[in-house]
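1 is the number of the first residue of the sequence shown in UniProt numbering; add one for each residue after it.
Right, one structure below, let's go through it.
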Amino acid sequence: MSKNEETRSYGQGAQGEPDAPKATKISFITKLKYNFDNSLSRAGAFVGYVFVAIIVLAFVMTAVQGAVAAVAALNTPLDPASYFFSFWAAFTKILGIGSTDAWGTQLVNFIYWAIGIAISGAVIGFISAAITRAVARLKEGKSAVIETGHTLILGWSNRVFPILSELAIANENIRKPRVVIFAGTARSVMDAEILARVPNLGKLKVITRTGDITNPEDLKRANVSSAKSIIILDADETGDATVVSTVLAVKAVNANPATRIIAELDDANTAEAITTSTNGQVIAVRSHDVIARVTAQASRQPGLAAVTLDLLDFAGGEIYFSRVPALEGKTYADALLAFNTASVIGLVDAQGKTSINPKTDTVIQAGSRVIAIAEDDDKIVYTGVREDIANKKIAPFTQPAREPEHLLFIGWSSMGRSVVSELAQFLPKGSTVHIVAEQKHVAVDELKSLKFGENIKVTHASVSGDIDELIAAASAKKYNEVIILGYREAISEAEADSQTMLTMLQMNQLFAAAGNGVEPTRLVAEILDSRKAELARVAAADDMVVSDNLAALLIAQVSENPDLAPVFEDLFDAGGASINVNPIEHYASLGQSIEFAELVAIGRSHGESVIGYRTLKNSKSDPASGVNLNPAKTMVFEPAAGDGLVIIGNLN
1 MSKNEETRSY GQGAQGEPDA PKATKISFIT KLKYNFDNSL SRAGAFVGYV
51 FVAIIVLAFV MTAVQGAVAA VAALNTPLDP ASYFFSFWAA FTKILGIGST
101 DAWGTQLVNF IYWAIGIAIS GAVIGFISAA ITRAVARLKE GKSAVIETGH
151 TLILGWSNRV FPILSELAIA NENIRKPRVV IFAGTARSVM DAEILARVPN
201 LGKLKVITRT GDITNPEDLK RANVSSAKSI IILDADETGD ATVVSTVLAV
251 KAVNANPATR IIAELDDANT AEAITTSTNG QVIAVRSHDV IARVTAQASR
301 QPGLAAVTLD LLDFAGGEIY FSRVPALEGK TYADALLAFN TASVIGLVDA
351 QGKTSINPKT DTVIQAGSRV IAIAEDDDKI VYTGVREDIA NKKIAPFTQP
401 AREPEHLLFI GWSSMGRSVV SELAQFLPKG STVHIVAEQK HVAVDELKSL
451 KFGENIKVTH ASVSGDIDEL IAAASAKKYN EVIILGYREA ISEAEADSQT
501 MLTMLQMNQL FAAAGNGVEP TRLVAEILDS RKAELARVAA ADDMVVSDNL
551 AALLIAQVSE NPDLAPVFED LFDAGGASIN VNPIEHYASL GQSIEFAELV
601 AIGRSHGESV IGYRTLKNSK SDPASGVNLN PAKTMVFEPA AGDGLVIIGN
651 LN
């Protein structure tokens, strides 16, 4: 081998290995300092160092004391008459040494004092830092939860606040109700928002913790296995994917099959799969579909949104289950008139099958329970079948033929597609839907692709948001309803609600102005954030669907009583029975007093379960104020034009 070959070095990328850089020599002092710094990050190491320092200093001070004792000059007593003696005595007392002995003794005492100050300062600093870290950890929400029997909410969204409000009402009779919220949001943010938005929760205590809801190790801090119910919110843009991951994480740390889990999901297939795979332990709440269904039906039935909210909240009447032996062998028709202070809506048979508004000739078997709306479960008292009403001859009612309807949608989102799909099942042939959406929020191609069957003709206009464009759309024809939707996916909830309220004001201004070709029309608006509901009422909508309220009430009800899940599934499923607000004149003569029991009997003859009524007069200022659910059967009132009868039956 030649000399050149022996000394050749190969750079990286050439044949052979790259030259290794020469290692920098690290001094012993540097290594010692490096290891010392690293060890200080461990709390136990600091305590050890302090203990070693005290031992070393004790040896050193023993030697110092011996040296001082050997020097005669340092052991000579001080002259108490000298000025310096007085000064030194005062100085040492201030320092806390307080010695007037010989110079040697005072020197040793001074060194002891300095050592004591140094060690005490280090220990106090260490304790202070430890306390600071502990407080910071508590503020971060990283500590474990020791609550038991609590409701656990996983995820953070606007629905948290109405859920907390409802749980506070539902748990008023509980001694120490607790709710734990575990989410990826900072604890300080959650606490501040809860205090600002729901400050009056009564006895309900809310504990917040921060962590990854999809991580089983993190979830252990929430004491999942001791929770009485678990609510998983659809709280981010990933939607069902995060909810499913959270369900799996919960199952990984909780082996108790009795713990009820309520999961908010959008996709029907995902909801069915997760319910089936967990043997029914996970109850899927498809809030998106419920909101769409209520919005769609609210556009056709004045007051329906207010009725639905009234039924779902914990204030006033609620849905209860009760076994009534006196009804066994009788029919569902008999049950409808058998309770003066409760409104029957369905049955649960001995096998647990739920039937909402079953056929009136359904026989109530032994072991069956009635499903009824009542102020409390002890109000479901059997008062006997009203034979005077039950046997009364009722004139048949013929439903008038329906004319094609014309709907104007202002604003658009994925919710709009669901709403129109729901409406398409019931609108008469020849009906039209015109969609007006701002081009900066909704792509034109999305609007062009919309189709909802042969009965409905869909047209659209992509606009810039100018008022003249709104006038042109609203004056094009006489609409039966104007439905204002928020731009859910395009902008924030706050911006979407602000846009909705602005549009409401503009439409009401157009309705009031003369000569613009816009005829006054019933206005239905979707509000995403319940905080904006009061402002929206000022903007004067005939009906409002408050999305987060509706979803939150449904979730809260099921979390408190999982038996309600099949009831709501039937009520809010397109194929089941549903809540309706029908014109009162279909059941009674206007201006003539009638007993509520008679209205129940008339509804029964139509195959409907009557649960209340809505008066137009009282609902003009606030849609909810006109709703009266579960009045006494003996109550008498005088129907007026615009009033509605609240029934559970088939959609018309």
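All C-beta atoms, glycine included, are put in the ideal place defined by N, C-alpha and C.
query: Under DSSP, the beta strand (DSSP E) around S464 begins and ends at which residues?; result: Careful: S464 lies outside any beta strand (DSSP E) and carries neither H nor E.
query: Is the distance from the Cβ of I584 to the Cβ of L571 below 8 Å?; result: no
query: Would the segment 337-350 count as touching the segment 369-385 if we require 3 or more Cβ pairs under 8 Å?; result: yes
query: Let me know the beta strand (DSSP E) ranges lying completely inside the UniProt domain "CASTOR/POLLUX/SYM8 ion channel conserved" (288-380), each 3 residues or longer, listed in chain order.; result: 318-322, 342-348, 354-356 and 369-374
query: Does DSSP put P566 in a helix, a strand or coil?; result: helix
query: Does L32 pass the burial test, meaning 16 or more other C-beta atoms within 10 Å, or should it be called exposed?; result: exposed
query: Short check: CB of N256 to CB of S225, under 8 Å?; result: yes
query: Keeping to the same chain, check which residues put their C-beta closer than 8 Å to that of N480; ignore five residues upstream and five downstream.; result: E405, H406, L407, T521 and R522
query: Around the Cβ of A14, are there at least 16 other Cβ atoms within 10 angstroms (buried) or fewer (exposed)?; result: For A14, the pLDDT reaches just 44, beneath the cut-off of 50, and the residue's location in the model is therefore unreliable, although a value from the coordinates is still provided. Exposed, since its Cβ has fewer than 16 Cβ neighbours within 10 Å.
query: So, under 8 Å CB-CB, L553 and D313 are touching, yes? Tell me the CB distance rounded to an integer number of Å.; result: 6 Å
query: Just to confirm before moving on: does the CB-CB distance between L470 and Q506 stay below 8 Å?; result: yes
query: If contacts are defined as beta-carbon pairs under 8 Å, then S464 and E438 qualify, I think. What distance do you get, rounded to the angstrom?; result: 7 Å
query: Quick one: grab the DSSP three-state call for S128.; result: helix
query: What do you get for P302, buried or exposed, if any count of 16 or more other CB atoms within 10 angstroms of its CB means buried?; result: buried
query: Please report the distance separating the alpha-carbon of I213 from that of L233.; result: 11 Å
query: For the putative contact between L447 and I435, defined by C-beta atoms under 8 Å, what is the C-beta separation to the nearest angstrom?; result: 6 Å
query: Only counting the same chain, and skipping five residues up and downstream in sequence, which positions put a Cβ closer than 6 Å to that of T185?; result: W156
query: Going by DSSP in three states, N223 sits in which element: helix, strand or coil?; result: coil
query: What residue ranges within the segment 575-628 form continuous beta strand (DSSP E) runs of no fewer than 3 residues, ordered along the chain?; result: 578-583 and 609-614
query: Secondary structure at G649, three-state DSSP: helix, strand or coil?; result: strand
query: What is the rounded straight-line gap between the Cα of I124 and the Cα of E217?; result: 34 Å
query: Is S165 buried or exposed, if buried means 16 or more other CB atoms sit within 10 Å of its CB?; result: buried
query: Cutting at 8 Å between CB atoms, please list the residues of its own chain near T634, excluding the five before and the five after it.; result: N340, E595, F596 and A597
query: What's the gap between the Cα of D445 and the Cα of K457?; result: 17 Å
query: For the beta strand (DSSP E) containing E438, name the first residue and the last one.; result: S431 to E438
query: Relative to the alpha-carbon of D388, which residue among A338, R402, Y382 and Q425 has its alpha-carbon at the smallest distance?; result: A338
query: List the DSSP bridge partners of F182.; result: L154 and R209
query: Out of E272, K251, L201 and A258, which one is the CA nearest neighbour of D240?; result: E272
query: Is it right to say G416 is buried, meaning 16 or more other beta carbons lie within 10 angstroms of its own, or is it exposed?; result: buried
query: Could you pull the start and end residues of the beta strand (DSSP E) that D543 belongs to?; result: D543 to V546
query: Could you round the C-beta distance between T354 and T331 to whole angstroms and report it? I think they count as a contact, below 8 Å.; result: Their Cβ separation, rounded to whole angstroms, is 18 Å, which puts T354 and T331 out of contact at 8 Å.
query: Are the segment 425-432 and the segment 633-648 in contact at 8 Å, needing three or more beta carbon pairs?; result: no
query: If distances are taken between C-alpha atoms only, which option among G411, V420 and A335 comes closest to G384?; result: A335
query: Can you name, in chain order, every residue of its own chain whose Cβ lies under 6 Å from the Cβ of R8, other than the five neighbours on each side?; result: Residue confidence for R8 is low, a pLDDT of 48 falling below 50, so the modelled location carries little weight and cannot support an answer.
query: Taking V206 as the reference, which of S188, A632, I119 and N215 has the closest Cα?; result: S188
query: Whose CA, out of N158, Y112 and A170, lies closest to the CA of E560?; result: A170
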